[in-house]
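With the sequence shown counted from 1, adding 350 to any position gets you the numbering used here. Backbone N, C-alpha and C fix where the C-beta goes; we use that ideal spot for every residue, glycine too. Given the structure is predicted, the values throughout are model-derived calculations rather than measurements.
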Amino acid sequence: KLLCGNQEIPLKHLSETGRIHRFQPPKELENYKSHLLIISSETTDFSGNHLKNDYELQFLPLLRK
Numbered sequence: 351k352l353l354c355g356n357q358e359i360p361l362k363h364l365s366e367t368g369r370i371h372r373f374q375p376p377k378e379l380e381n382y383k384s385h386l387l388i389i390s391s392e393t394t395d396f397s398g399n400h401l402k403n404d405y406e407l408q409f410l411p412l413l414r415k
């Protein structure tokens with residue numbers, strides 16, 4: 351899931367190519383505002399192995415206008 355503050359941003363699954371999955375939010379992310387992408391520990395690999403813990407990636411979109 352993707353969060354901006356306490357607000358969850360829905361993600362559309364665009365494609366899957368082997369190990370690569372592409373997702374897109376319905377609109378541009380807020381510029382210069384911290385976002386948190388969480389990959390749940392319920393996520394599995396091709397063999398069915400789960401992540402040990404949730405994986406969190408915090409990022410800041412920098413969009414030129």
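If you draw a straight line from the C-alpha of D395 to the C-alpha of G355, how long is it?
29 Å
Relative to the alpha-carbon of L412, which residue among N399, Y405 and S384 has its alpha-carbon at the smallest distance?
S384
Straight-line Cα distance separating I389 from H400:
11 Å
May I ask you to list the residues that DSSP assigns as paired with E392?
Note: E392 sits in no beta bridge, so no partner.
Please report the residue range of the beta strand (DSSP E) in which H371 lies.
I370 to Q374
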